[in-house]
């Protein structure tokens, strides 16, 4: 199987706190890999390390066979790695349309140089996520679920090859979750490989081809959902958090 | 108001302004030159402060470097004014790039203080330089005719505003705005934030330097205190903030209106000129902290309650 | 060697005064999140208050100091209570601009009231000095240093051990915690700013005794106070003290070995360097 993204022995220390402890895994081309684990396991940190928001203390990040460890965040964005933020980060004063247009302007190679062109492309992405009616609204006026859609549209407008989703379903109701699952599957159909962090167990089970479990910065399981979720260590991680080493 | 209408109005305004030296009094012309230069400074600050969201308190350095570039070139080397301007621009851009690199990594108010520190350092350094005439300063050759300086200042303001207009509709400008709104998000979306910030800083340094050069030549005298006048920083910021930061015409409006108010009040009670500037600032921040643009927009709905609302929003 | 020792002594004496100068700024900044660009102007007012008590009523400057502090406290209280409290929840930037407005107003009122001439406060013992391990220590500078230290210590004790002081510190964390102390927040804010102003007034008095004053020294002193505050670190009074002493010594050494006109270059140069390399200050916690 072709790995589009690989992480080797990735480690991150913050002032003595070991947030990520020599984790290795691979994201295969066109797969949906679910990243789960109890709170504080280091899931968002992992995404930040891959997207370039954080620098690793040790280890490698390899994209399409090439090491990107030294590349700053904006270069990784242009190469084709896009992410959403758990604490959503719209550009508040810009319209919803322009928020997405930034992705079209600066994203992966082949990005538009022309504002008008970028806006047209942005409009199409807004339709894809179902936000087109709010195109001219100021981004900060959006409610929770719409903000999540906006985060997704911004990332998609970059035409990424790899999409890193950080808890896009938090706080959504059943109907909205189903919609997001549908959209993510449509995204995969476009040929994009996806790494999804999620707490909503049912959703991530049905969505992911494989699961990766982190706990206290360490990888404790990796494989098909049924196997992983019946793994004793995984169960203990979620239930037995009172037991401390 | 549609953009094309605004543009037309601006065109008319420029044409009118250009004629002022021929019918205006000497005082009016002088006021005009000062206002035009301040407007240029406010507009240049707009680029780094308004669009990029980095509130620089160090643009006075570019202004001073422009002034000293002209002064040193003309006084010490006998070079013509345009060459002096070029030197001033070169110095300012060099400074913007060299010192922008470390300083633009700082966020928010730390960046502001760092640039303030730089302004103080430059003042102190220049007052020790022999070639700059040390603390005493330099006296430039005299050129008669405020007309020339008025028109030069007007042209400079127009060019600066055109640059801002270009920014507002270009990919570069979009990148700057993205940086302002959310730098981390901008970075992961592919904006080369370091490069863009430095470019913005360098761009604003150009206009500030030319303003400084023109001003120095006009008043024919330059010393470190007045060239690197730190208070100028706050003035240009206030004008930009009140006019509307991140807009094309806002800072120009802010500069003209605030200057005019100051002048008019000062004319009534002559010895208290600057006090009124201070009082206007205090009152404006309390009653209309979001600037003229916001005032115009919401006054229609709220009337006088607009001012009350602002206080209610921000008080203890 | 002898000369270096003298320089060190000079630097330390100056440093104590510097620390006091920055103290009020840091208090207001840390608790109220107000960056007070008028701080130097308040120092200037304190100096003039002392000057007029000295020349007008013949008071000894050190006796006039508490009066100057009280006067500045009242001014600060009023400014905070009736103006700054109105904008306190606005972006910090606004406080910067509004305090600049105050600086302009205060400076020009001072210019009109006091005229632009340089003045000094010269008590009869101004020329007295004595020897300390071989260095000449001017009496006034030593007294100024002692007062500065005393006030710094006093502020620390006040903040740590009195109910109001702890309420003020709680406010720095959040307003709700402060409310638990049962003090009206408007009053609490005004108190804090008043104390900051009083400290500035004290620093002004001492400054007037050791140096010349005129209405325009405000902005330079504000800038200097910023440098001291940032270099030392904003977290604790003791950091400010360290910052003041450090800068005092650095300036004294610079004045001797490079030249007195270079002290600002070095001070502000260090400020910029500290911001670039270690923004929390030489002593502050790394972010």
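Chains as they are written, first to last, in the working numbering: chain A, 6 to 250; chain B, 159 to 474; chain C, 20 to 306.
Where a beta carbon is used, it is the ideal one built from N, C-alpha and C, also for glycine.
> Roughly how many angstroms separate the alpha carbons of residue 175/B and residue 398/B, rounded to a whole number?
Replying inline: The sequence position of residue 175/B within the second chain is 17, counting from 1. The sequence position of residue 398/B within the second chain is 240, counting from 1. If I take the Cα positions, the gap works out to 20 Å.
> Which residues bound the alpha helix (DSSP H) around residue 176/B?
Replying inline: Numbered from 1 along the second chain, position 18 holds the residue referred to as residue 176/B. Element bounds for residue 176/B: 161-181.
>> Tell me which residue opens and which closes the alpha helix (DSSP H) that residue 130/C is part of.
In response: The count along the third chain starts at 1 and reaches residue 130/C at position 111. Segment 111-133, the alpha helix (DSSP H) holding residue 130/C.
> Just the Cα atoms here: how many angstroms apart are residue 363/B and residue 237/B?
Replying inline: By one-based count along the second chain, residue 363/B stands at place 205. By one-based count along the second chain, residue 237/B stands at place 79. Each residue's alpha carbon lies about 22 Å from the other.
> Considering only C-alpha positions, which residue in the set 246/B, 258/B, 209/B and 294/B is nearest to residue 99/A?
Replying inline: Residue numbering aside, residue 99/A sits at position 94 when the first chain is read from its first letter. Residue 99/A has its Cα closest to that of 209/B, out of 246/B, 258/B, 209/B and 294/B.
> For residue 423/B, which residues from the same chain have a beta carbon less than 6 Å from its beta carbon, with the 5 sequence-adjacent residues on both sides left out?
Replying inline: Here residue 423/B corresponds to residue number 265 of the second chain, with the count starting at 1. Cβ within range, chain order: 434.
> Does the count of Cβ pairs from the segment 443-451 of chain B and the segment 236-243 of chain C closer than 8 Å reach three?
Replying inline: Flag = no, the segment 443-451 of chain B and the segment 236-243 of chain C do not touch.
>> Check whether the segment 33-44 of chain A and the segment 82-91 of chain A are in contact - that is, three or more C-beta pairs closer than 8 Å.
In response: A contact is defined here as three or more CB-CB pairs under 8 Å, and the segment 33-44 of chain A fails this definition with respect to the segment 82-91 of chain A.
>> Rounded to whole angstroms, what is the Cα-Cα separation between residue 258/B and residue 143/A?
In response: Along the second chain, one-based indexing puts residue 258/B at 100. Along the first chain, one-based indexing puts residue 143/A at 138. Taking the CA atoms as reference points, residue 258/B sits about 32 Å from residue 143/A.
> alpha helix (DSSP H) containing residue 211/A: first to last residue?
Replying inline: Numbered from 1 along the first chain, position 206 holds the residue referred to as residue 211/A. Run containing residue 211/A: 206-212, per the alpha helix (DSSP H) assignment.
> Is DSSP giving residue 119/A helix, strand or coil here?
Replying inline: For the purposes of this step, residue 119/A is identified with residue 114 of the first chain, where counting begins at 1. If DSSP states are grouped into helix, strand and coil, residue 119/A belongs with coil.
> List, in order along the chain, the chain C residues whose C-beta lies closer than 8 Å to that of residue 473/B?
Replying inline: Here residue 473/B is taken as the residue at index 315 of the second chain, counted from 1. Those are 104, 105, 106, 107 and 108, listed as they occur along chain C.
> Who pairs with residue 11/A in a beta bridge, going by DSSP?
Replying inline: Taking the first chain and counting its residues from 1, one reaches residue 11/A at position 6. As a beta-bridge residue in DSSP terms, residue 11/A pairs with 31/A and 67/A.
>> Using a Cβ-Cβ cutoff of 8 Å, what residues of the segment 230-247 of chain C are near chain B? List them in chain order.
In response: Listed by position along the chain: 238, 242, 245 and 246.
>> Quick check on the DSSP output: the beta strand (DSSP E) that includes residue 218/B runs from which residue to which?
In response: In the second chain, the residue the question calls residue 218/B occupies position 60. No beta strand (DSSP E) holds residue 218/B; the alpha helix (DSSP H) holding it covers 217-235.
> With a cut-off of 8 Å, do at least 3 Cβ pairs link the segment 98-112 of chain A to the segment 63-72 of chain A?
Replying inline: Using a Cβ-Cβ distance cut-off of 8 Å, the segment 98-112 of chain A and the segment 63-72 of chain A are not in contact, since fewer than three pairs of beta carbons, one from each stretch, lie closer than that value.
> Cα separation between residue 310/B and residue 376/B?
Replying inline: Within the second chain, residue 310/B is the residue found at index 152, counting from 1. Within the second chain, residue 376/B is the residue found at index 218, counting from 1. Just so you know, the alpha carbons of residue 310/B and residue 376/B end up roughly 10 Å apart.
> For residue 126/C, which option in 75/C, 165/C, 157/C and 57/C has the closest C-alpha, if you only look at C-alpha atoms?
Replying inline: For the purposes of this step, residue 126/C is taken as residue 107 along the third chain, with counting starting at 1. Closest by alpha carbon: 57/C.
> Can you list, in chain order, the stretches of the beta strand (DSSP E) that have 3 or more residues and sit fully within the segment 90-163 of chain A?
Replying inline: The qualifying runs do not exist here; there are none.
>> Quick check: the Cα distance between residue 118/A and residue 329/B, rounded to an integer number of angstroms?
In response: Numbered from 1 along the first chain, position 113 holds the residue referred to as residue 118/A. Numbered from 1 along the second chain, position 171 holds the residue referred to as residue 329/B. In this model, residue 118/A and residue 329/B are separated by some 6 Å (Cα to Cα).
> Which residues in the same chain as residue 219/B place their Cβ atom closer than 7 Å to its Cβ, once the five residues preceding and following it in sequence are excluded?
Replying inline: Within the second chain, numbered from 1, the residue matching residue 219/B stands at position 61. Excluding positions up to five away in sequence, the list reads 253, 276, 277, 280 and 386.
> Listed from N- to C-terminal order along the chain, which residues in the segment 339-351 of chain B have their beta-carbon within a distance smaller than 8 Å of any beta-carbon of chain A?
Replying inline: Taking 8 Å as the Cβ-Cβ cut-off against chain A, the residues of the segment 339-351 of chain B that qualify are 339, 340, 342, 343, 344, 345, 346, 347, 348, 349, 350 and 351.
> Is the segment 29-36 of chain C in contact with the segment 267-277 of chain C, if contact means three or more CB pairs nearer than 8 Å?
Replying inline: Touching, yes.
> Given a threshold of 16 other Cβ atoms within 10 Å of its Cβ, counted over all protein chains shown, does residue 283/C qualify as buried or as exposed?
Replying inline: Stepping through the third chain from its first residue, residue 283/C is reached at position 264. Per the 10 Å Cβ criterion, buried.
> Can you name the start and end residues of the alpha helix (DSSP H) that residue 369/B belongs to?
Replying inline: Looking up residue 369/B in the second chain gives position 211. Counting along the chain, residue 369/B sits inside the alpha helix (DSSP H) bounded by residues 351-377.
> So, using beta-carbon positions, are residue 130/A and residue 101/A closer together than 8 Å?
Replying inline: Taking the first chain and counting its residues from 1, the one referred to as residue 130/A is at position 125. Taking the first chain and counting its residues from 1, the one referred to as residue 101/A is at position 96. Not closer than 8 Å, so no.
> Alpha carbon to alpha carbon, how far is residue 332/B from residue 325/B?
Replying inline: By 1-based counting over the second chain, the position of residue 332/B is 174. By 1-based counting over the second chain, the position of residue 325/B is 167. Going from the Cα of residue 332/B to the Cα of residue 325/B covers about 8 Å.
> Looking at the unbroken beta strand (DSSP E) that takes in residue 330/B, where does it start and where does it end?
Replying inline: Locating residue 330/B in the second chain gives position 172, where the first residue counts as 1. First-last for residue 330/B: 329-339, but that is the alpha helix (DSSP H), not the beta strand (DSSP E).
>> Is the beta carbon of residue 95/C closer than 8 Å to that of residue 265/C?
In response: The residue you call residue 265/C lines up with position 246 of the third chain. The residue you call residue 95/C lines up with position 76 of the third chain. Their beta carbons are not under 8 Å apart, which means residue 265/C does not touch residue 95/C by this criterion.
> residue 23/C: buried (16+ other C-beta within 10 angstroms of its C-beta) or exposed?
Replying inline: To locate residue 23/C, count along the third chain from 1; it is residue 4. Residue 23/C is exposed by the Cβ-count criterion.
> Using CA coordinates, which residue listed in 172/C, 191/C and 287/C is at the minimum distance from residue 247/C?
Replying inline: Within the third chain, residue 247/C is the residue found at index 228, counting from 1. Between residue 247/C and the set 172/C, 191/C and 287/C, the nearest pair of CA atoms involves 287/C.
>> Here's the rule: buried if 16 or more other CB atoms are within 10 angstroms of the residue's CB, otherwise exposed. What is residue 394/B?
In response: Sequence index remark: in the second chain, residue 394/B carries index 236 (1-based). The Cβ neighbour count for residue 394/B, taken over all protein chains shown within 10 Å, is at least 16; the residue is labelled buried.
> What are the residues that DSSP puts in a beta bridge with residue 88/A?
Replying inline: For the purposes of this step, residue 88/A is taken as residue 83 along the first chain, with counting starting at 1. According to DSSP, residue pairing for residue 88/A in a beta bridge involves 169/A.
> For chain B, is any of its Cβ atoms less than 8 Å away from the one on residue 249/C?
Replying inline: For the purposes of this step, residue 249/C is taken as the residue at position 230 of the third chain. By this cut-off, residue 249/C is an interface position.
>> Is there a C-beta anywhere in chain C that falls below 8 Å from the one on residue 236/B?
In response: Working through the second chain from its first residue, we reach residue 236/B at position 78. Among the residues facing chain C, residue 236/B is not included, as its CB has no counterpart in that chain under 8 Å away.
>> Measuring straight from C-alpha to C-alpha, what distance separates residue 345/B and residue 468/B?
In response: Taking the second chain and counting its residues from 1, one reaches residue 345/B at position 187. Taking the second chain and counting its residues from 1, one reaches residue 468/B at position 310. C-alpha of residue 345/B to C-alpha of residue 468/B: approximately 34 Å in a straight line.
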